[in-house]
Each structure stands twice: as structure tokens, then as C-alpha cells.
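Student: Counting with our numbering, you get residues 150 to 593 for the letters of the sequence shown.
We put the CB at the ideal spot given by N, CA and C, even for glycine.
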Amino acid sequence: MKKTLLRGGSVVSEGEMKPRDVLIGTNGIIEAIQPLIQDHKDADIVDVSGKLLFPLLIDCHVHFREPGMEEKATMQTEAAAALSGGVGLVCDMPNTIPPCVTIAALADKVRRAEKISGCTLKFFFGVTEAIHLVTLKDLWTGTSLELKRLKNHCCGVKLYLDHSTGDQKVDGGIVEEIFRTCAELKIPLVAHCEDSEMNEKALQENVASPQTIDLHSKNRSPESEATSIEYAISLARKTGAAFHVAHLSTKQGIELVRAAKKEKLPVTCEVAPHHLFLTTDDYVTLGTFGKMNPPLRSSEHRDALWAGIIDGTVDCIATDHAPHTIAEKESGEPLKAPSGVPGVETMLSLLLSVASGKWPNENSKTKKTNAKISYHDILRLCFTNPNRIFSLGASSLAVKNPARIAIIDPMQEWLIEGKSLHSKCGWTPFEGWKVSGKVARTIA
Ligand code: DOR
Ligand code: ZN
Numbered sequence: 150m151k152k153t154l155l156r157g158g159s160v161v162s163e164g165e166m167k168p169r170d171v172l173i174g175t176n177g178i179i180e181a182i183q184p185l186i187q188d189h190k191d192a193d194i195v196d197v198s199g200k201l202l203f204p205l206l207i208d209c210h211v212h213f214r215e216p217g218m219e220e221k222a223t224m225q226t227e228a229a230a231a232l233s234g235g236v237g238l239v240c241d242m243p244n245t246i247p248p249c250v251t252i253a254a255l256a257d258k259v260r261r262a263e264k265i266s267g268c269t270l271k272f273f274f275g276v277t278e279a280i281h282l283v284t285l286k287d288l289w290t291g292t293s294l295e296l297k298r299l300k301n302h303c304c305g306v307k308l309y310l311d312h313s314t315g316d317q318k319v320d321g322g323i324v325e326e327i328f329r330t331c332a333e334l335k336i337p338l339v340a341h342c343e344d345s346e347m348n349e350k351a352l353q354e355n356v357a358s359p360q361t362i363d364l365h366s367k368n369r370s371p372e373s374e375a376t377s378i379e380y381a382i383s384l385a386r387k388t389g390a391a392f393h394v395a396h397l398s399t400k401q402g403i404e405l406v407r408a409a410k411k412e413k414l415p416v417t418c419e420v421a422p423h424h425l426f427l428t429t430d431d432y433v434t435l436g437t438f439g440k441m442n443p444p445l446r447s448s449e450h451r452d453a454l455w456a457g458i459i460d461g462t463v464d465c466i467a468t469d470h471a472p473h474t475i476a477e478k479e480s481g482e483p484l485k486a487p488s489g490v491p492g493v494e495t496m497l498s499l500l501l502s503v504a505s506g507k508w509p510n511e512n513s514k515t516k517k518t519n520a521k522i523s524y525h526d527i528l529r530l531c532f533t534n535p536n537r538i539f540s541l542g543a544s545s546l547a548v549k550n551p552a553r554i555a556i557i558d559p560m561q562e563w564l565i566e567g568k569s570l571h572s573k574c575g576w577t578p579f580e581g582w583k584v585s586g587k588v589a590r591t592i593a
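1) Give me every residue whose Cβ sits closer than 6 Å to any heavy atom of the ligand ZN, in chain order.
2) Mind checking Leu-279: buried by the 16 CB within 10 Å criterion, or exposed?
3) Spell out the partners DSSP gives Ser-162 in its beta bridges.
4) Rounded to whole angstroms, how far is the Cβ of His-588 from the Cβ of Gly-164, which I believe are closer than 8 Å?
5) Check for me: the alpha helix (DSSP H) holding Glu-105 runs from which residue to which?
6) Within 10 angstroms of the Cβ of Ile-458, are there 16 or more other Cβ atoms? Answer buried if so, exposed if not.
7) Contact between the region 473-489 and the region 535-555 is defined here as three or more beta-carbon pairs at a separation below 8 Å; is this criterion met?
8) Would you give the residue range spanned by the beta strand (DSSP E) that Thr-245 belongs to?
9) Can you give me the C-alpha to C-alpha distance between Val-596 and Glu-215, rounded to a whole angstrom?
10) Just how far apart, CA to CA, sit His-424 and Pro-444?
11) Since Ser-572 and Thr-226 should fall inside the 8 Å C-beta cutoff, what is the C-beta to C-beta distance between them, to a whole number of angstroms?
12) Along the chain, where does the beta strand (DSSP E) that runs through Trp-455 open and close?
13) Following the continuous alpha helix (DSSP H) through Leu-232, name the residue where it begins and the one where it ends.
14) Between which two residues does the alpha helix (DSSP H) carrying Arg-369 extend?
15) Thinking C-beta only, is Lys-307 closer than 8 Å to Leu-288?
16) By the DSSP assignment, the beta strand (DSSP E) with Lys-271 in it spans what residues?
17) Could you tell me the distance, in whole angstroms, from the CA atom of Ser-366 to the CA atom of Ala-543?
18) Quick check on Val-250: buried or exposed, where buried means 16 or more other Cβ atoms within 10 Å of its Cβ?
19) Using only the alpha-carbon positions, how far apart do Ala-332 and Ile-186 sit?
20) With distance defined between alpha-carbon atoms, name the residue in Val-283, Ala-181, Gly-567 nearest to Arg-329.
21) When the distance is taken between beta carbons, is Cys-209 closer than 8 Å to Cys-240?
22) Taking Pro-415 as the reference, give the member of Pro-204, Pro-248, Pro-337 with the closest Cα.
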């Protein structure tokens, strides 16, 4: 086997982008990154001129559905989707069947993930009842080789403050105790923030309204998300737990996280591509294929998320990749359709389009915003920050590290089509969008 020499590309790193050649040894380790590496008789030369070299990116919020919902997706199909989208490490959520709330369930997921090549899967542990907290403590403090091994594959705790797919709403009486435990044991803590009482009340109040899909955004209001985020931040303040807001979708949420950071609280957040590129205006074309939790918002909220990206309030972009079958999305009453959209394969191209100054889908119902993002921002939001927040240990593009590289053609335009993507669900909320920037090849 020969070494590989990536010749003529630009390496994207924090704050800069340099023309660099990259030499990868036969053992897959990066041996050199230099302006010009001489021809190497032992190396296959790959011309990557005009291409960007990123480390394989991280998506810290996905639902790969295995075990238990293989009709929607499997680890294998979704790992292929991730790699094709330049993502080489994902953090999978616990709302599988059985839920990932026991050591046995975690061990089963780890065993399945070991068979997947190229894409690394890490797992969030779910806590819905007091007994799961006892197990979590065992997992985090256990001294046996097996527990240490499993802990290595666990990226933290996921809490649902309201029901979503999988009905994993946490028992409200133990939430503070969970924050305390995470503070004490330094466990990353992520929450899906929506206020269940407010959501329940809205549902009752709106029961006589026409049950059309746009009602979903009223049944799960911006105020509900904000109330829940405020509560969770108050617990981070009280306990000192490092707390991460999942798929933050509102202007109020951004303001709360911005204020928490000013207060120097250990609070971070992620936003999802569907909230950055779609709004309630898109229900007209998407119907139930635009239904997710938290739901689509107005463009005022969408603009606030982009402002949060620009001023550093937003730490990560993560997809909340949540495939459901087309049949499930199309069956029955719109508001009863399952919530969730796929996204792991399209995130990078959507962001690259904005970085190149080409807003994707100029013609969509949702008008473009004055969003700005650079290639370095993409690296920070989809690699450096999630890697740090969840201690994921992903390899940056540096000498002596394993070569895990996404080779990107920033100029290649392509049309997003569900049938051509790798996700088992076979659809995308970005159907027909023209994007600029494509993964030409991954080295994993
Ligand atoms: O839209 C969503 N889908 N939100 C969630 O909280 C869960 C997810 C899923 O698993 O389907
Ligand atoms: Zn999710």
C-alpha cells in the first residue's frame, strides 16, 4: 500500500485558510502538512487543487433510529448519509427502542456501532426516572473495564423537558437532581427545552381551530421554548452544571443564552439547519414534511438565530437528523404525523452555499436573510465547539493525527433530491434546492 499525497488544496483551520499539501502515511496517520511537499515515489498523488480540506465534521444531535425503528433508518444507512455530507462523528439520541437508559441498552448500541466503518457514533444516555440517574452515576464512576469502555462511547445526558418522538419526558421532580449530578461528575447535559404545561394548554385551547399543519407552531410556541430554557439556565446557575440547549429555535432563546454567557454561566447551545433555512411560510409547500419539535418559526426568529451565529452566542450547528418514513409523514391527520426531518447529509452544503455568498433556494417561500458565515465559522460550529463541549476526541487536521478529512469542492453546484440522498427515509425538507459546495471525497 502506498502513502497518499493530497496536492494543492486549502486546509481550513481556526481563523485561517492556507494552501497546503497533506501527506498521509500507509497507517492512515498525517505525516506532513506543508506548502509544497515534493513528489514522493511512495505516494499516490491526488490532485485537490481548488478544493477545501476540512476535518470530518461533527453532528452532535442525530437520531439514527437503531435499535427498534429500522423501518425509518439504520446506523448503516445514516452513517453513509453522514459521510456523504462530510460528517464523520455523530452523537445519537436516546429515544430508540428500547430507550438508551440502561447499561444494557447502551452496550447494545455500542456493539452495533462497532460494525459501522468510517463514521463514529457516540451516544447520549437518557434519564426519565430516578433509577436512570443511579445507573448514570454507575456508568460515570464505575471502575470496571467494561464500564470505562462504555463511558468512552457516551457523550453525556439528554433530557426531554416535554414529550417528543419516543415519549421520553423526564419526571419533573428529578430535574434539579440531574443537574446536580452532572455538575458533580462533570457530565455534559443537553436538554430539549419546551414547557410541557404551556404546550398542553395551547393544545387544549386550539382544539377547536382547523387542525392544519401550521397550528403545530402555535401548539408549541416560542414562549414555551423560552420558559423552558429560562428554567434550565436557572438550574445551571444554581448547580454549576455545564448545560447545552438542543435545537434552540427562538429569538427569546438566543437572548437568554446570550445573557447567560455574559453572566459567565457554563451554558452553550446549538441551532438546526431547518430553523436557519425554513420558516412557517414553508408549511405551504412542505406540509407534514416540515413538522418537527421544536417547530418552524417566523423569519424574525430565523434572523435572530443567524445573528446569534454571527456574534458567537450559537456554539454549534447540529441537524437533529430525525428520519421518519414517507408513509408515516403522509398518513392521517397532519398534526398527528410524527415530528422530525432528516438533515445530516445536507447541512454542510447549505452552509457552504451561504459561505460562498449564494443563498440556497433563492425562490423559496422563505426569503433570504442577511446571513453570513465563513469557512472558519463552519469549522468552529461543526467541529471545534462540539468536540470541546462533549469531549468527543475527534481528530483535527494536524500532523500525527489520523487522517479523517472531507475534501470539498466549494464551487460545485448540485440539486438536493431526496431520492439521491443516502438516508433510508428517501426524502428531505430541502427538496429541489440548488446548493453550492459538495463533498468530493472523504478520507476516513
Ligand atoms: O422533531 C423531532 N424529532 N424532535 C424531537 O425532539 C425528536 C425527533 C425524533 O426523534 O423524531
Ligand atoms: Zn432530537
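Tutor: On the basis of the supplied data:
1) Result: His-210, His-212, Met-242, Asp-469, Ala-471.
2) Inspection of the sequence shows that residue 279 is occupied by Ala rather than by Leu. Note on Ala-279: under 16 other CB atoms within 10 angstroms of its CB, so exposed under the neighbour-count rule.
3) Note: Ser-162 sits in a beta bridge opposite Glu-165.
4) Before going on, a small fix: residue 588 reads as Val here, not His. Actually they do not touch by this definition, with Cβ atoms about 23 Å apart.
5) A query on residue 105 cannot be resolved here, the shown segment of the chain reaching from 150 to 593 and no further.
6) Taking all protein chains shown into account, Ile-458 has 16 or more neighbouring C-beta atoms within 10 Å of its C-beta and is therefore buried.
7) Fewer than three beta-carbon pairs drawn from the region 473-489 and the region 535-555 are found closer than 8 Å, and the two stretches are therefore not classed as touching.
8) From DSSP, Thr-245 is part of no beta strand (DSSP E); its letter is neither H nor E.
9) Nothing can be reported for residue 596: it is not among the residues displayed for the chain, which extend from 150 to 593.
10) Spanning the two alpha carbons is a distance of roughly 8 Å.
11) With 8 Å as the limit, Ser-572 and Thr-226 qualify as a contact, their Cβ atoms being about 6 Å apart.
12) Note, Trp-455: premise wrong, no beta strand (DSSP E); alpha helix (DSSP H) at 448-459.
13) In the DSSP annotation of this structure, the continuous segment of the alpha helix (DSSP H) that includes Leu-232 starts and ends at 224-233.
14) Note, Arg-369: premise wrong, no alpha helix (DSSP H); not H, not E.
15) Taking the C-beta atoms as reference points, Lys-307 is found no nearer than 8 Å to Leu-288.
16) The continuous beta strand (DSSP E) containing Lys-271 extends over residues 269-275.
17) Each residue's Cα considered, the two are about 36 Å apart.
18) Val-250 comes out buried.
19) Each residue's alpha carbon lies about 47 Å from the other.
20) Of Val-283, Ala-181, Gly-567, the residue nearest in Cα terms is Val-283.
21) Yes.
22) Comparing Cα positions, the closest option is Pro-337.
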